[in-house]
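Sequential numbering from 2 applies to the sequence shown in the working numbering. Just so you know, even glycine gets a beta-carbon here, dropped at the ideal spot from N, CA and C. Okay, so here's the structure we're looking at.
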Amino acid sequence: MCTADREVALGIMSWHAHRLREATTREARVRRVRTFLKPLRERARARGSVGRLSVTPSTVPPVGTFHKWLAARPQDERQRELLVGGRTWTGLKAWPRARQEGWGVVCYERAAGRLLAEHEGELSEDAVRALIHFEVLPTAVASAGDHYVLVGPAGAARYMSVDEVARAFGIASTSPLMTTPTAVGAGEGDPAVASALVAFWPLLS
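Here you go:
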């Protein structure tokens, strides 16, 4: 019981104690005590006794990194081509990444903006490395021009596949978000779901 609750309880008890002292006969005192105890006993019966509470310890599995969503054979999944000579391809090729180990991910448009704003466009290896995420994906935004690009050693780069992004977003392979595009392309599927994809699909494709 906290201090405030204790003060309230003492005030209530003091009031009842004063009323008890005012009673001039034993019968009157017993009657007033019963009146005071009646609601307390009713509440006690309604709530019942509290049994023993035991909590089974649980183990929290490790979160891991975004690499667990990457495909072993990305060529078998739906890909968005990273066009040779395009803005993203040209920009990434200019990034100094000789010391990079393992695959990271970057949103190129956001990263290029940070390079310009924070480093005046300077392409130092330290500045570039600070832009590459190696554990957690960058926050997703509703921009058709800001996709996840995987960057690897020796200048390797590719867009995350549609399926990889879907897995990262917790979308099951059996979800209509994954099956409807194929069905609609074949003239089948639910048109309502297909319409909902208009806003969502740029994040995946």
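Can we say the stretch 81-94 touches the stretch 118-136, given the rule of at least three CB pairs closer than 8 Å? With a cut-off of 8 Å, the stretch 118-136 and the stretch 81-94 do not count as touching, because too few Cβ pairs lie within range.
Determine the DSSP secondary structure at leucine 151, reduced to helix, strand or coil. Here residue 151 refers to the residue found at position 150 of the sequence shown. Leucine 151 falls in the strand class under three-state DSSP.
Does the beta-carbon of valine 106 have 16 or more other beta-carbons within 10 angstroms, so that it is buried, or is it exposed? Residue numbering aside, residue 106 sits at position 105 when the sequence shown is read from its first letter. Looking at its Cβ environment, which holds 16 or more other Cβ atoms inside 10 Å, valine 106 is buried.
How many Å lie between phenylalanine 37 and histidine 17 at the Cα? Mapped onto the sequence shown, residue 37 falls at position 36. Mapped onto the sequence shown, residue 17 falls at position 16. Taking the straight line from one Cα to the other gives about 8 Å.
Does DSSP put valine 185 in a helix, a strand or coil? Taking the first residue of the sequence shown as position 1, residue 185 is located at position 184. Because valine 185 sits at a pLDDT of 46, beneath the cut-off of 50, its placement in the model cannot be relied upon, and the point is left open.
With 16 other CB atoms within 10 Å as the buried threshold, where does methionine 14 fall? Translated into the one-based positions of the sequence shown, residue 14 becomes position 13. Using a 10 angstroms sphere on the CB of methionine 14, the tally of other CB atoms stays under 16, which defines it as exposed.
For glycine 105, the three-state DSSP class (helix, strand or coil): Position 104 of the sequence shown holds residue 105. Glycine 105 falls in the strand class under three-state DSSP.
Verify the CB distance criterion: does leucine 124 have a CB-CB separation below 8 Å to chain C? The structure shown contains no chain C, having only a single protein chain.
State yes or no: is the C-beta of alanine 112 within less than 8 Å of the C-beta of leucine 132? Here residue 112 refers to the residue found at position 111 when the sequence shown is read from its first residue. Here residue 132 refers to the residue found at position 131 when the sequence shown is read from its first residue. Yes, the Cβ-Cβ distance between alanine 112 and leucine 132 is below 8 Å.
Quick one: residues in its chain with C-beta nearer than 7 Å to the C-beta of arginine 115, no 5 flanking neighbours on either side, listed in chain order? Here residue 115 corresponds to residue number 114 of the sequence shown, with the count starting at 1. Correct list, in chain order: Leu132.
Mind reading off the beta-carbon distance from arginine 130 to leucine 83? Whole number of angstroms is fine, and I expect it under 8 Å. On the sequence shown, residue 130 is found 129 positions in, with the first residue counted as 1. On the sequence shown, residue 83 is found 82 positions in, with the first residue counted as 1. About 20 Å separates the two Cβ atoms, so there is no contact after all.
Roughly how many angstroms lie between the CA atoms of methionine 161 and serine 144, to the nearest whole one? Translated into the one-based positions of the sequence shown, residue 161 becomes position 160. Translated into the one-based positions of the sequence shown, residue 144 becomes position 143. Cα-Cα distance, rounded: 15 Å.
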